[in-house]
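Protein chains in written order, with my numbering: chain A, 1 to 292; chain B, 1001 to 1288.
Below is the structure:
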């Protein structure tokens, strides 16, 4: 590996021409400026404005939107629910995915790619389709209920519960946890486990003291990814939680489409963004480029 | 086989028969079995019931192809499918070109503002899609209001605004994939080509492009899938009368659960599987 890696810095390898940077970076800079940064500024401005009586906005500067989000029990509950459901989903994913990735990496090479392929298919499959699959199972006339009532049992309330949302999130995000963990274990030199046992550590101790710390970047990457995808999810709580389990993503839709409270919605979007970006910054600060 | 065991790659070293931890291995196997069962059972059920001759999705009523035939006769769904493919093709083409260029610039040169651009490139991946969706909804509605007020036009959100939005997030995904493939690219090869008399364009076309092509195709396939699958951003950035397939499916799912939706889902599933197989084949070619 070391031989094929360039030893010279790119700059030293070839001088840069004047036209090169604008041609390479110009189109992306243009697109991201107009269709990402400007919208970002727009939503930031809206988050400090006041909702008018007609559902539009008045240009009155205020901090009220943020204050309301963080003090009104309705919104605090929704924010808190998003965080804890997202957190629990992340934890469950980790507990399933770590041993799964370990199982895959210990297989002979030809089988390893097959097992990874089995993880990649759900990874690439539409989230809407995968969530719908659970609807057909958990619904009031779904598979489980038609089975239970067929045996003379009572109709169970499975869908539109926090449990259903949690299940859907774990199901949806599991592949996103497995892949970074697998990548981290792929970089881990398993001879170190032997070294640890030669030095007298038992398997469990070798795992806790050597393998777990060495694969921690993968755990961090997978957890950050799954938490963001879960806490900010819209589709899964909308379909498996109905109107019963509102998470922040669903509340955002309500503010922007139905309730026409754009300033409050903007403030919530900004808050959510800060939370997510904060998590990612912590992740980038605590890992090096090689870990990723 | 005996020879092969000797030169086996490193991970197997941990599982040498002498040291094999039977309980641990069995536990890993059981976990893997349940994990794969968990991942695939719902999908299998979904596919099976798309052939059920019953109007309830949870009841088996005998085998039929009817639901698939009905799909292809449904003009609304077919139009939504055409819209989805149209949006995905155009947004992927644009995002692949723009994303590849910016990846080359970022990996090739050190320049002022590189760190900031790096951060902006990562943001669309990091923030939840619902946030990106409401952000663009607010932007498009405000911008169109301004433009219509200034020029007396009556422009509204339609598939073009969806394409613009999809390009905005796909540039980042393409750039990440292409940059990963550039990490192992030896820039001295460009220098060598130029020493041998090639100009910049010839160097790019004959040396750089062929070598990073697997990365570009990988990025394009990912972008195409993301665009085709996206519900949230498309739903917020389109206007009335312009549905993509996920938008159409989502609104049906909310109303009722029928084997017809199982049939659409099965077809979408099949499309994803084909895309994974395509990307896997392409990657194995790269390593050969």
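Built from N, CA and C at the ideal position, the CB exists for glycine as well. As the structure is a prediction and not an experimental result, all values here were calculated from the model.
Terminal residues of the continuous alpha helix (DSSP H) containing residue 66 (chain A)? In the first chain, the residue the question calls residue 66 (chain A) occupies position 66. Segment 64-71, the alpha helix (DSSP H) holding residue 66 (chain A).
What runs of the alpha helix (DSSP H), each 4 residues or longer, lie entirely inside the segment 1087-1166 of chain B? 1114-1126 and 1129-1151
Chain A beta carbons: is any one of them nearer than 8 Å to that of residue 1227 (chain B)? Counting from one through the second chain, the residue named residue 1227 (chain B) turns up at place 227. By this cut-off, residue 1227 (chain B) is not an interface position.
Give the range of the alpha helix (DSSP H) segment to which residue 233 (chain A) is assigned. The residue you call residue 233 (chain A) lines up with position 233 of the first chain. Element bounds for residue 233 (chain A): n/a, residue is neither H nor E.
Compute the beta-carbon to beta-carbon distance between residue 236 (chain A) and residue 165 (chain A), rounded to the nearest angstrom, for a pair I have assumed lies under 8 Å. On the first chain, position 236 is the one that residue 236 (chain A) refers to. On the first chain, position 165 is the one that residue 165 (chain A) refers to. 6 Å between Cβ atoms; contact.
DSSP on residue 57 (chain A), reduced to helix/strand/coil? As a first step, residue 57 (chain A) is located in the first chain; it is residue number 57 there, counting from the start. Residue state, collapsed to three classes: strand.
Could you check whether the Cβ of residue 1145 (chain B) sits closer than 8 Å to any Cβ belonging to chain A? Here the question's residue 1145 (chain B) lines up with position 145 in the second chain. No, residue 1145 (chain B) does not count as interfacial toward chain A.
Give me whichever residues DSSP pairs with residue 50 (chain A) in a beta bridge. For the purposes of this step, residue 50 (chain A) is taken as residue 50 along the first chain, with counting starting at 1. According to DSSP, residue 50 (chain A) bridges with A:58.
Taking just the CA atoms, how far does residue 1039 (chain B) sit from residue 1029 (chain B)? Residue mapping note: residue 1029 (chain B) aligns to position 29 of the second chain, counting from 1. Residue mapping note: residue 1039 (chain B) aligns to position 39 of the second chain, counting from 1. Going by the C-alpha atoms only, they are around 15 Å apart.
Can you tell me which of the three DSSP states residue 1279 (chain B) falls into? On the second chain, residue 1279 (chain B) is found 279 positions in, with the first residue counted as 1. Here residue 1279 (chain B) sits in helix by DSSP.
List the DSSP bridge partners of residue 1063 (chain B). As a working mapping, residue 1063 (chain B) is identified with position 63 in the second chain. Under DSSP, the beta-bridge partners assigned to residue 1063 (chain B) are B:1052.
DSSP three-state call for residue 247 (chain A): helix, strand or coil? Here residue 247 (chain A) is taken as the residue at index 247 of the first chain, counted from 1. In the structure shown, residue 247 (chain A) sits in coil (DSSP, three-state: anything other than H, G, I, E or B).
Measure the alpha-carbon distance for residue 139 (chain A) versus residue 159 (chain A) and round it to whole angstroms. Within the first chain, the letter at position 139 stands for residue 139 (chain A). Within the first chain, the letter at position 159 stands for residue 159 (chain A). So the alpha carbons of these two residues sit roughly 6 Å apart.
Quick check on this structure: which residue in B:1185, B:1148, B:1270 and B:1165 has the alpha carbon closest to the alpha carbon of residue 1232 (chain B)? If you number the second chain from 1, residue 1232 (chain B) lands on position 232. Answer by Cα proximity: B:1165.
Along chain A, in chain order, which residues have C-beta atoms closer than 8 Å to that of residue 1115 (chain B)? For the purposes of this step, residue 1115 (chain B) is taken as the residue at position 115 of the second chain. Correct list: empty, because the minimum Cβ distance to chain A is about 11 Å.
Residue closest to residue 126 (chain A), alpha-carbon to alpha-carbon, out of B:1274, B:1083 and B:1269: Within the first chain, the letter at position 126 stands for residue 126 (chain A). Ranking the options by Cα distance to residue 126 (chain A), first place goes to B:1269.
Assuming residue 1098 (chain B) and residue 39 (chain A) are in contact, meaning their beta carbons sit under 8 Å apart, how far apart are those beta carbons, in whole angstroms? For the purposes of this step, residue 1098 (chain B) is taken as residue 98 along the second chain, with counting starting at 1. For the purposes of this step, residue 39 (chain A) is taken as residue 39 along the first chain, with counting starting at 1. Beta-carbon to beta-carbon, residue 1098 (chain B) and residue 39 (chain A) are separated by about 17 Å, too far to satisfy the 8 Å threshold.
Along the alpha helix (DSSP H) that carries residue 1234 (chain B), what are the first and last residues, could you check? Position 234 of the second chain holds residue 1234 (chain B). Per DSSP, residue 1234 (chain B) belongs to the alpha helix (DSSP H) from 1232-1237.
Just to make sure I have the definition right: I need the residues of chain D whose C-beta is within less than 9 Å of the C-beta of residue 1093 (chain B). Which are they? The structure shown contains no chain D; its protein chains are A and B.
Between residue 1263 (chain B) and residue 1051 (chain B), what straight-line distance do the alpha-carbon atoms span, to the nearest angstrom? Taking the second chain and counting its residues from 1, one reaches residue 1263 (chain B) at position 263. Taking the second chain and counting its residues from 1, one reaches residue 1051 (chain B) at position 51. Rounded to the nearest whole angstrom, the CA to CA distance from residue 1263 (chain B) to residue 1051 (chain B) is 8 Å.
Chain-ordered chain A contacts of residue 1142 (chain B) [CB-CB under 7 Å]: By one-based count along the second chain, residue 1142 (chain B) stands at place 142. Here the neighbours are 42.
In chain order, what residues of the same chain lie with their CB nearer than 7 Å to the CB of residue 223 (chain A), ignoring the 5 residues before and after it? One-based indexing of the first chain puts residue 223 (chain A) at position 223. Once the five neighbours on either side are set aside, the close Cβ partners of residue 223 (chain A) are 90 and 94.
Taking any Cβ of chain A, which residues in the segment 1216-1246 of chain B have a Cβ under 7 Å from it, in chain order? 1225, 1229, 1231, 1232 and 1246
Residue 142 (chain A) to residue 242 (chain A) span [Cα, whole Å]: Translated into positions along the first chain, residue 142 (chain A) becomes position 142. Translated into positions along the first chain, residue 242 (chain A) becomes position 242. Spanning the two alpha carbons is a distance of roughly 15 Å.
Which residues mark the beginning and the end of the alpha helix (DSSP H) in which residue 36 (chain A) is found? One-based indexing of the first chain puts residue 36 (chain A) at position 36. Run containing residue 36 (chain A): none; DSSP gives neither H nor E here.
For residue 1007 (chain B), collect the residues of the same chain with a Cβ closer than 6 Å to its Cβ; drop the 5 residues on either side in sequence, then sort them by chain order. Numbered from its first residue, the second chain carries residue 1007 (chain B) at position 7. Low confidence applies to residue 1007 (chain B): its pLDDT is 44, below 50, so where it sits in the model is not reliable, and the reading given next is rough at best. Cβ neighbours of residue 1007 (chain B) beyond the five flanking positions: none.
Could you run through the segment 125-136 of chain A and flag, in chain order, every residue whose CB is less than 9 Å away from some CB of chain B? 125, 126, 127, 128, 129, 130, 131, 132, 133, 134, 135 and 136
Mind listing the chain A neighbours of residue 1031 (chain B)? Cutoff is C-beta to C-beta under 8 Å, in chain order. The residue given as residue 1031 (chain B) occupies position 31 in the second chain. Per Cβ cutoff of 8 Å: 96, 99, 100 and 103.
So, is the C-beta of residue 219 (chain A) closer than 8 Å to a C-beta in chain B? As a first step, residue 219 (chain A) is located in the first chain; it is residue number 219 there, counting from the start. For residue 219 (chain A), the nearest beta carbon of chain B is not closer than 8 Å to its own beta carbon.
Please name the residue, chosen from A:36, A:117, A:58 and A:32, that lies closest to residue 1280 (chain B) on a Cα-to-Cα basis. Here residue 1280 (chain B) corresponds to residue number 280 of the second chain, with the count starting at 1. Considering only alpha carbons, the answer is A:117.
Residue 1154 (chain B) burial status per 10 Å Cβ neighbour count (16 or more: buried): Within the second chain, the letter at position 154 stands for residue 1154 (chain B). The residue is exposed, with fewer than 16 neighbouring Cβ atoms inside 10 Å.
Just the chain A side, please: which residues come within less than 7 Å of residue 1173 (chain B) by C-beta, in chain order? Counted from its first residue, the second chain places residue 1173 (chain B) at position 173. Correct list: empty, because the minimum Cβ distance to chain A is about 12 Å.
How would you list, in chain order, the residues of chain A whose beta-carbon sits under 9 Å from the beta-carbon of residue 1262 (chain B)? Here residue 1262 (chain B) corresponds to residue number 262 of the second chain, with the count starting at 1. The answer, in chain order, is 132, 133 and 136.
Count the other C-beta atoms from every protein chain shown that fall within 10 angstroms of the C-beta of residue 1195 (chain B), then say buried if there are 16 or more, exposed otherwise. As a working note, residue 1195 (chain B) is residue 195 in the second chain. By the 10 Å Cβ count, residue 1195 (chain B) comes out exposed.
Quick check: is the beta carbon of residue 1268 (chain B) nearer than 8 Å to any beta carbon in chain A? Reading the second chain from its first residue, position 268 is the one you call residue 1268 (chain B). Chain A, which has a Cβ nearer than 8 Å to the Cβ of residue 1268 (chain B), makes this yes.
Does residue 28 (chain A) get closer than 8 Å to chain B when you measure Cβ to Cβ? On the first chain, residue 28 (chain A) is found 28 positions in, with the first residue counted as 1. At least one chain B Cβ lies under 8 Å of residue 28 (chain A).
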